[in-house]
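Novice: Provided herewith is a single structure, encoded as structure tokens, for subsequent inquiry.
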Amino acid sequence: MSAWLTSLFANPWMLLWLPTIAAPLVIHLWYRRKYREVQWAAMEYLLAAIIKSSRRMRIEQLLLLLVRTLLLLLVVLALAEPLLRSATPLLVGEEPTHHIIVIDGSYSMGYPSSGKSAFDVAKEHAKQIVRQGNPGDGYSLILMVDEAQQVVGQATVNQEDFLQEIEKLTIREEGANVDAALRAVEEVIAKSPAKSGRWKRHEISVFSDLAKNTWSREGKSDAVLRDRDERLERLGQNGVVEVVPIGSSEKENLAVTNVELADSLATTAGPVTITAVLHNFSDGRIVQQPVALWVDNHRVDQHLIDIPSGEDVSVSFQHRFHLPGDHVFGIHADGDLLAIDNRRRLAVPVKEHINALLVSGKRGATLPLQAALDGGDLSHGISSEIRPEVVSESKLLERDLENYDCLFLCNVGQLTLQEAQRLSEYLAAGGGLVTILGDQTVLEQYNRHLLKPKKAQPGEGVGKDVLPARLEEMVYDDQYHFIDPRGYKHPLLSKWKGNPRTGLLTVPVIKYIRLKVPEASEAEVVLWLDTGDPLLVLKEVGRGRSLLLATDPSDSSHINSDDSRPWSLIASWLNAQPFLEGLWKEVIGGQINQRNVLVGEALTARLPPSVALETIEVSPPDGQARSQPVNPNSQYTTWAFFETPVSGVYRVSFDEGRDSSQENRLAVTDSGTQATDRKDGTMLFAVNVDTRESDLKALNPADLSEGWNLSGDREATGSLQSPTSAAAFPFHALLLWAVLALLFTETFLAWWIGNRFA
Amino acid sequence: MPTVEANQKYLDPQTLAKIEGLELRARRIVEGYVAGLHRSPYQGFSIEFAEHREYAPGDDLRHVDWKVFGRTDKVYLKQYEEETNLLSYLLLDTSESMHYQGERSPLSKLEYAKCIAASLGYLVLQQHDSVGLATFDSQVRSMVRASGQPSHMHQLLHVMEQSQAEKKTSIGPIFHDLAERLKKRAVVVILSDLFDDITSIMTGIKHFKHRRHDVIVFHVIDPDERDFPFVKTTKFRGLEQLPEVVTDPRQLRKAYLKEFEKFTQAISQGCRSQYVDYVPITTDQPLDIALTSYLTRRAAHTF
């Protein structure tokens with residue numbers, strides 16, 4: 000069935016009845032053949048009558064025939080239900096329009112109003128546009144999400160198919176990006192054969208709740224805004240860009256915006272503190288809101304809290320795990336109409352303890368760390384949550400860094416490019432690196448291999464992104480320098496803040512290496528020295544974190560060959576233990592980052608070396624498990640899973656037991672201390688929504704920039720006209736009325752013609 | 000004595016149609032008619048004295064009433080002897096169109112006309128008058144000279160039964176022909192559907208009138224021809240060499256009736272203008288109308 004037929008008629012198959020309209024003619028001819036025969040004497044007068052009446056008779060018969068044929072034609076047409084929306088297609092000169100329908104698919108559109116979500120209302124509006132379209136019009140459909148999705152890219156003229164596409168459209172659990180949507184609109188226009196002259200006009204209708212976080216021009220760079228305005232202007236030249244605000248203005252919403260562990264990693268050694276942050280996006284205060292903690296699908300605790308309007312409130316829970324392995328925390332704050340952001344999950348790989356690798360570049364370089372990490376707890380029979388392992392720098396390459404939660408490089412002289420590569424990968428996968436400089440440090444080597452090269456210096460293009468700052472020079476002026484926290488702004492310093500007697504400000508640093516944070520770097524300085532040089536610099540690299548300390552806290556570094564004083568007196572400081580503990584706690588936790596992503600982000604991880612599989616199995620929260628091939632590498636196997644459109648817990652399974660010899664080997668070589676959390680062959684990932692979209696405050700439609708045309712008539716959700724009453728012109732009903740009228744006409748005409756001579 | 004209803008029955012064409020033989024039919028008609036009269040006003044009129052008329056030069060002296068001349072010395076003529084011997088001529092149209100018999104009529108036009116003719120003949124002979132017969136279509140087919148013999152009836156019936164409807168009518172010339180042939184004044188009874196050119200018919204009748212004949216026109220029409228009651232599509236096969244037509248009669252009815260009305264009007268007007276008795280008669284009517292018309296004319300002739 001050709002597309003134009005289906006675009007013209009709802010039931011085009013009914014047109015197969017069309018030949019029946021010949022029935023009156025056939026009956027007429029048949030009756031003329033079937034006559035009775037009489038002999039007639041008064042033929043003369045009959046002939047005279049025929050001569051006088053033949054013209055009138057013929058006209059009357061034709062009229063009757065016409066009425067009957069028309070009657071049947073109208074019946075058939077009415078059965079076929081023509082899809083004429085208005086009288087306009089009957090007029091010549093109407094040019095077909097290309098309707099580009101953009102529907103906001105962000106989850107804030109799921110906010111219900113009078114029983115219907117804004118998204119459903121938007122779909123109804125879109126359908127109405129289609130139904131009101133003229134035959135020959137083209138339609139494209141774009142879902143405005145973070146990356147605008149062209150559901151129907153190249154324009155289609157088939158209204159029925161297009162309506163089905165709209166119907167099939169589902170809301171996403173992401174935000175929306177206006178600029179991406181506009182780009183997609185331009186791509187759609189480029190795809191649609193406008194050059195052939197088919198569509199001279201493109202009508203773009205954007206259905207959105209006008210959420211401020213999506214539409215507001217605040218916080219956007221000038222370049223982005225200029226680009227947006229230019230696009231709007233271009234689009235406005237060939238048509239109309241219309242914004243249809245959907246949804247009511249009064250919305251209440253509460254969202255769990257963050258869930259995190261107070262200590263970056265969870266172990267079975269001690270209780271874990273989970274902190275959830277809730278934000279009240281409503282205008283009113285929320286009282287006695289239950290906030291529940293769920294652990295692995297069991298509710299374990301609940302608090303009732305009050306949240307003032309527009310504010311964040313933190314809730315902390317404590318939980319102790321008895322078994323290592325992957326666990327999922329869930330914070331549930333149910334109750335409002337937009338349910339999707341009321342729950343937030345945190346996938347946590349719980350370990351028996353934290354493994355730290357201390358790489359020593361010089362005898363004694365790791366001693367204060369060992370002391371700080373062990374803390375002498377073992378002697379008191381308390382199991383420490385961290386297990387340090389000390390190796391010499393030559394052993395770095397032998398270790399599988401994946402098994403360590405954090406890595407200390409202590410006064411290591413130089414690192415090869417291969418080592419730098421390993422460190423870079425380790426960081427990218429979520430590892431934590433603390434680099435402690437010292438007298439062994441070869442500055443050029445560090446800079447060459449551990450720093451991301453600038454584009455302007457291609458000659459140095461071998462370095463990896465490991466260090467947060469460039470090492471400039473060793474600084475020694477025979478004076479004591481003291482730490483300057485500059486207002487304790489960094490979270491790492493929170494526990495020192497307000498406690499001047501901790502001695503943080505009085506620990507002397509005698510010699511250090513001047514660090515220079517590159518321009519436009521994301522690295523941040525945590526601590527300064529009174530000289531103004533950075534002492535402690537932190538940078539996030541990949542999912543991991545890299546911390547750089549400009550001086551040596553141990554006694555292993557000496558001022559020079561003559562002066563055996565250490566570079567700093569941190570080791571002998573009473574509070575060295577919490578200070579050094581702060582370092583590793585700051586860098587670990589990247590593995591949790593790896594396990595917790597936002598909707599739309601990819602899940603990636605490395606397979607344990609013991610597992611040799613070609614595929615893994617990913618079970619998304621919405622059911623069907625899918626196989627995902629892995630990417631074998633020379634050293635390890637990685638995998639990535641990109642389809643995370645819904646929030647929830649994703650379970651990744653790999654059947655480790657298939658190759659038991661490997662497992663045995665692992666047990667022998669790893670001395671039973673590592674990878675305990677993965678023995679069950681599953682990893683859990685939590686995918687959460689980006690709660691920026693939870694702010695339902697709508698932009699005042701009047702504040703839209705000039706390029707947007709505001710549609711006023713469809714604003715209110717309740718005023719949506721039912722599609723059958725007004726949207727579609729009830730042409731077939733009109734046809735049926737005409738049929739009725741013709742029926743009467745035919746009856747009267749037949750009676751009149753037949754009987755007026757009687 | 001039969002009741003009026005019973006008598007009427009014999010005049011009804013439905014009844015007559017059941018009776019085989021023209022003579023029987025004619026007898027039934029006349030007997031039924033005569034018997035149905037309570038008192039015949041014409042009884043014995045043919046043998047009684049009618050009037051005296053003054054002699055005019057050229058009159059036949061044989062008709063002079065000498066008794067009156069003897070008494071009054073004036074010359075009068077006695078007229079009854081001549082007048083009572085009434086001459087009637089029945090002109091029967093046997094053309095093809097007369098063969099038509101509609102569904103509602105028990106008899107075809109020709110049969111009906113024959114009934115009238117036979118009845119009249121029988122009646123005339125009963126009255127001891129003379130009656131002759133001529134049948135014609137496109138020309139005079141047979142001619143029976145007038146006679147008052149009772150046995151003459153058989154001859155008339157024979158001729159009538161022999162005559163079949165055929166060919167086309169051309170009434171006008173035949174009337175001229177017959178008008179020339181009928182020497183004596185007579186009552187000319189025309190039995191025809193008159194489906195021919197009206198002007199020529201009228202000229203023919205005028206010729207009869209010119210010859211001082213009394214003319215009665217029995218215009219025999221089938222009721223279907225008068226009412227045109229056809230409903231379904233019909234193929235009309237023309238008699239008398241007219242073409243065939245297939246048509247829806249309902250739509251034509253009005254126009255046809257108008258045409259037909261025009262035709263009968265023209266005939267009736269033409270007859271009236273020449274003081275000719277015009278008796279339209281349909282084949283479903285009782286036959287006494289025909290007889291009454293004739294007898295009225297006969298009476299008029301007598302006075």
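First to last, the sequence lines map onto chains A and B. Going by numbering that gives the first Met the number 0, the letters in the first sequence line up with residues 0 to 757, in that order. Going by numbering that gives the first Met the number 0, the letters in the second sequence line up with residues 0 to 302, in that order. We put the beta carbon where it would ideally sit given N, CA and C, even for glycine.
Taking its Cβ as the centre, do 16 or more other Cβ atoms sit within 10 Å of Leu-709 of chain A, making it buried, or is it exposed?
Specialist: Leu-709 of chain A is exposed by the Cβ-count criterion.
Novice: Please confirm if Ile-752 of chain A has its CB atom under 8 Å from at least one CB of chain B.
Specialist: Yes, its Cβ sits closer than 8 Å to a Cβ of chain B.
Novice: Kindly indicate if chain B contains any beta-carbon less than 8 Å away from that of Ala-41 of chain A.
Specialist: Yes, because at least one Cβ of chain B sits closer than 8 Å to the Cβ of Ala-41 of chain A.
Novice: Please give me, in chain order, every unbroken run of the alpha helix (DSSP H) with length at least 4 that falls completely inside the segment 566-594 of chain A.
Specialist: Counting whole runs of 4 or more residues, the segment 566-594 of chain A contains the alpha helix (DSSP H) stretches 575-586, 589-594.
Novice: Can you list, in chain order, the residues of its chain with a C-beta nearer than 8 Å to that of His-175 of chain B? Leave out the 5 residues immediately preceding and following it.
Specialist: Closer than 8 Å at the Cβ level, and outside the excluded window around His-175 of chain B, lie Thr-202, Gly-203, His-206.
Novice: Find the residues of chain A that neighbour Val-245 of chain B, judging by a C-beta separation of less than 8 Å, and give them in chain order.
Specialist: Going along chain A in sequence order, the residues near Val-245 of chain B (Cβ under 8 Å) are Arg-31, Tyr-34.
Novice: For Thr-134 of chain B and chain A, any beta-carbon pair shorter than 8 Å?
Specialist: It does not: the Cβ of Thr-134 of chain B has no partner Cβ on chain A nearer than 8 Å.
Novice: Let me know the beta strand (DSSP E) ranges lying completely inside the segment 449-511 of chain A, each 3 residues or longer, listed in chain order.
Specialist: Listed in chain order, the complete beta strand (DSSP E) runs (minimum 3 residues) inside the segment 449-511 of chain A are 469-480.
Novice: How big is the Cα-Cα spacing for Val-738 of chain A and Lys-122 of chain A?
Specialist: Rounded to the nearest angstrom, the two C-alpha atoms are 35 Å apart.
Novice: Can you tell which of A:Gln-60, A:Lys-190, A:Pro-23 has the C-alpha that lies nearest to the C-alpha of Ile-99 of chain A?
Specialist: When only C-alpha atoms are compared, the closest one is A:Lys-190.
Novice: In the DSSP assignment, what are the bridge partners of Tyr-99 of chain B?
Specialist: According to DSSP, which records beta bridges pairwise, Tyr-99 of chain B is partnered with nothing at all.
Novice: Assess contact between the segment 275-290 of chain A and the segment 304-314 of chain A, defined as three or more Cβ pairs (one per stretch) separated by less than 8 Å. Is contact present?
Specialist: The segment 275-290 of chain A vs the segment 304-314 of chain A: in contact.
Novice: Interface residues of chain B around Lys-51 of chain A at Cβ under 7 Å?
Specialist: Ala-254, listed in chain order.
Novice: What's the call for Glu-173 of chain A, buried or exposed, on a 16-neighbour Cβ count within 10 Å?
Specialist: Buried.
Novice: When the cut-off is 8 Å and only beta carbons count, does Arg-61 of chain B lie next to chain A?
Specialist: Answer no: the Cβ-Cβ gap between Arg-61 of chain B and chain A never drops below 8 Å.
Novice: Could you give the residue range of the beta strand (DSSP E) that holds Tyr-277 of chain B?
Specialist: Residues 276-281.
Novice: Is the separation between the beta-carbon of Arg-227 of chain A and that of Asp-160 of chain A shorter than 8 Å?
Specialist: No.
Novice: Measuring CB to CB, does Asn-595 of chain A end up less than 8 Å from Leu-368 of chain A?
Specialist: It is not a contact, given that the beta carbons lie outside the stated cut-off.
Novice: Quick check on this structure: which residue in A:Ile-50, A:Glu-259, A:Val-205, A:Arg-182 has the alpha carbon closest to the alpha carbon of Tyr-255 of chain B?
Specialist: When each option's Cα is compared against that of Tyr-255 of chain B, the closest is A:Ile-50.
Novice: Select from the segment 6-20 of chain A all residues with a C-beta closer than 8 Å to any C-beta belonging to chain B, and list them in chain order.
Specialist: So nothing in the stretch comes that close.
Novice: Work out the CA separation of Asn-296 of chain A and Arg-216 of chain A for me, nearest whole Å.
Specialist: Distance between the alpha carbons of Arg-216 of chain A and Asn-296 of chain A is about 41 Å.
Novice: Keeping to the same chain, check which residues put their C-beta closer than 6 Å to that of Leu-85 of chain B; ignore five residues upstream and five downstream.
Specialist: Excluding sequence neighbours, Leu-85 of chain B sits near Asp-128.
Novice: Enumerate in chain order the residues of its own chain whose CB-to-CB distance from Val-205 of chain A is below 6 Å, with the five nearest sequence positions on each side excluded.
Specialist: Around Val-205 of chain A: Val-101, Val-242.
Novice: What three-state label does DSSP hand Leu-290 of chain B in the structure shown?
Specialist: Three-state DSSP puts Leu-290 of chain B in a helix.
Novice: Tell me which residues share the same chain as Thr-744 of chain A and place their Cβ nearer than 7 Å to its Cβ, disregarding the 5 neighbours each side in the sequence.
Specialist: Answer for Thr-744 of chain A: Val-66, listed in chain order.
Novice: Whole-angstrom Cβ separation of Glu-616 of chain A and Ala-624 of chain A, contact assumed at under 8 Å?
Specialist: That belief holds up - the Cβ atoms of Glu-616 of chain A and Ala-624 of chain A are roughly 5 Å apart, short of 8 Å.
Novice: Assuming Ala-522 of chain A and Leu-534 of chain A are in contact, meaning their beta carbons sit under 8 Å apart, how far apart are those beta carbons, in whole angstroms?
Specialist: Not a contact, Cβ separation roughly 13 Å.
Novice: Does the count of Cβ pairs from the segment 222-238 of chain B and the segment 93-101 of chain B closer than 8 Å reach three?
Specialist: The segment 222-238 of chain B vs the segment 93-101 of chain B: in contact.
Novice: If you run the structure through DSSP and keep just helix, strand and coil, what is Pro-517 of chain A?
Specialist: Pro-517 of chain A: coil per DSSP, three-state reduction.
Novice: Just the C-alpha distance for Ile-752 of chain A and Val-214 of chain B, rounded to the nearest angstrom, thanks.
Specialist: Those two C-alpha atoms are separated by around 43 Å.
Novice: Select from B:Lys-183, B:His-218, B:Cys-114 the residue whose C-alpha is nearest the C-alpha of Gln-264 of chain B.
Specialist: For the residues B:Lys-183, B:His-218, B:Cys-114, the minimum Cα distance to Gln-264 of chain B belongs to B:His-218.
Novice: Assign Leu-290 of chain B to buried or exposed, taking buried as 16 or more other Cβ atoms, counted over all protein chains shown, within 10 Å of its Cβ.
Specialist: Leu-290 of chain B comes out buried.
Novice: Would a check of beta-carbon distances place Leu-36 of chain B closer than 8 Å to chain A?
Specialist: Unreliable placement is indicated for Leu-36 of chain B, whose pLDDT of 41 sits below 50; no coordinate value is reported for it.
Novice: Determine the contact status of Arg-605 of chain A and Glu-397 of chain A, defining contact as a CB-CB distance below 8 Å.
Specialist: No.
Novice: Measure how close the beta-carbons of Pro-429 of chain A and Gly-589 of chain A come, nearest whole angstrom, since I'm counting them as under 8 Å.
Specialist: Sequence check: residue 429 of chain A is Gly here, not Pro. So it is a contact: roughly 3 Å between Cβ atoms.
Novice: Check whether the segment 352-364 of chain A touches the segment 405-423 of chain A, counting contact only when three or more Cβ pairs, one atom from each stretch, lie closer than 8 Å.
Specialist: Yes: at least three Cβ pairs fall under 8 Å.
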